[in-house]
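Numbering (this note's numbering), first residue to last: 9 to 357. What follows is a set of notes on a single structure, which appears directly below.
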Ligand code: NAP
């Protein structure tokens, strides 16, 4: 259901896909640019920040606020300027024609001159009993967001890559002890991080170990993990106040396979102006960022994508574009006004 009851145009100026910080910011900026934008939330309303207890590092909120509160504020602000929100999930984008077509789980179909893709990423989950139920109650995927709440506590970090080790080091600022549980006896993390972790007295490694369940106590907060030794098969229990899971992230890229350029990890490739390889399609936030992954950076990328979208649509108008139902190759030809076009090799199936 759209919040805004006014009928939608036959062809949208822009559709934003995703309701994390990048999406809301793109919505705010395109709304303020009078583009009458439509944002389709996706099933994971609010994105990863919505599973964060408290956000303390987003500028402007010195008192901190919960992830869901921040999402609601961003939504409210964008709606105030005219963003229309659809609580629906995009199941397909058709980009080998222009206008582009967006289809949703509820059976709706939209046409749009431009798209801003903000479908984000999700942490790779352990997929063990207790994990889902205790998320936000001791199970976390973000040390930067939640580490502060574990001052004086003992923690478990799962994983052996850069993220696990870097975040374990960060958590030693608060915790009395951080155990890194890794499924092998050798870290994947870079040498500099390994060396720092080995030198840190608060960090202890538990090798060849996987977590098979997470236990919660009275009031449903984490009390421990059930472990299994990957060599001997021995099962044990480790008491802990919190579990931080860092076993990789998965970009939410199901819509883009064989359509848009992605890197080897499945992130959309954009240039500095947030442009994908297809003219008129922009991306922002963690679907295209595997480095920073902060609310503040996603907001900045959403802003940049929206500003570029506005410019792109203004250029289209200025060039006298009246196309409807044209082949995307013709459209790309027409869009030769946008610089760096040579970098945009077509990968339309
Ligand atoms: P990653 O490099 O893919 O590491 C994931 C870790 O989780 C690996 O150690 C892996 O074990 C383990 N793992 C995967 N699935 C598991 C499972 N089901 N159960 C238990 N353990 C599991 O992911 P990342 O650490 O998030 O890093 C992602 C990228 O960002 C990397 O390219 C990394 O270099 C980069 N990064 C860089 C920095 C930095 O430079 N400061 C910081 C963070 C991330 P195995 O080792 O056995 O496969």
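Ideal Cβ positions, reconstructed from N, Cα and C, are used throughout, including at glycine.
A residue is called buried when at least 16 other Cβ atoms come within 10 angstroms of its Cβ; residue 181 does not meet this threshold and is exposed. Annotation for residue 244 indicates a beta carbon at 7 Å or more from all heavy atoms of ligand 1.
A distance below 7 Å between beta-carbons, with the five flanking residues on each side excluded, links residue 316 to the following residues of its chain, in chain order: 281, 282, 283, 290. Residues with their Cβ less than 5 Å from any non-hydrogen atom of ligand 1, running along the chain, are 167, 168, 169, 170, 171, 174, 191, 192, 196, 255, 256.
The continuous alpha helix (DSSP H) containing residue 179 extends over residues 170-179. Restricting attention to 16, 150, 251, 87, the CA atom closest to the CA of residue 56 is found in 150. One alpha carbon belongs to residue 133, the other to residue 77, and they sit about 24 Å apart.
Residue 222 has its alpha-carbon roughly 12 Å from the corresponding atom of residue 244.
Inter-residue distance for residue 138 and residue 160 is about 23 Å (C-alpha atoms, whole angstroms). Here residue 107 is buried: its Cβ has 16 or more other Cβ atoms, across all protein chains shown, within 10 Å. Taking every protein chain shown into account, the CB of residue 265 has fewer than 16 other CB atoms within 10 angstroms, so this residue is exposed. Residue state for residue 120 is assigned as strand, using DSSP reduced to three classes. A buried status is given to residue 255, since no fewer than 16 other beta-carbon atoms sit within 10 Å of its beta-carbon. Bridge partners of residue 211 according to DSSP: 186.
Linking residue 237 to residue 217 through their CA atoms gives a straight-line distance of about 5 Å. Separation of the CB atoms of residue 68 and residue 27 is rounded to 20 Å, and the pair is thereby denied contact status at 8 Å. Under the DSSP assignment, residue 134 falls outside any alpha helix (DSSP H); it carries neither an H nor an E label.
Restricting attention to beta strand (DSSP E) runs no shorter than 3 residues, the region 257-316 encloses them at 257-259, 289-291, ordered along the chain. Excluding the 5 residues flanking it on each side, residue 208 has same chain C-beta neighbours closer than 7 Å at 177, 180, in chain order.
With a cutoff of 8 Å on beta-carbon distance, residue 146 and residue 74 are scored as not near each other.
Bridge pairing for residue 101: 110 [DSSP]. A direct Cα-to-Cα measurement between residue 233 and residue 96 gives close to 36 Å. Taken through DSSP and simplified to helix, strand or coil, residue 247 comes out as strand.
Following the DSSP letters along the chain, one finds residue 36 inside the alpha helix (DSSP H) bounded by residues 29-40. Contact check for residue 296 and residue 275: beta-carbon distance about 5 Å, within the 8 Å limit, so the pair qualifies. One alpha carbon belongs to residue 175, the other to residue 152, and they sit about 8 Å apart. When DSSP reads this structure, residue 84 sits in no beta bridge, so it has no partner. The secondary-structure analysis by DSSP pairs residue 252 across a beta bridge with 148, 165. Between residue 303 and residue 29, the beta carbon gap of about 5 Å places them in contact (Cβ cut-off 8 Å). CA-CA distance, residue 126 to residue 240, rounds to 44 Å.
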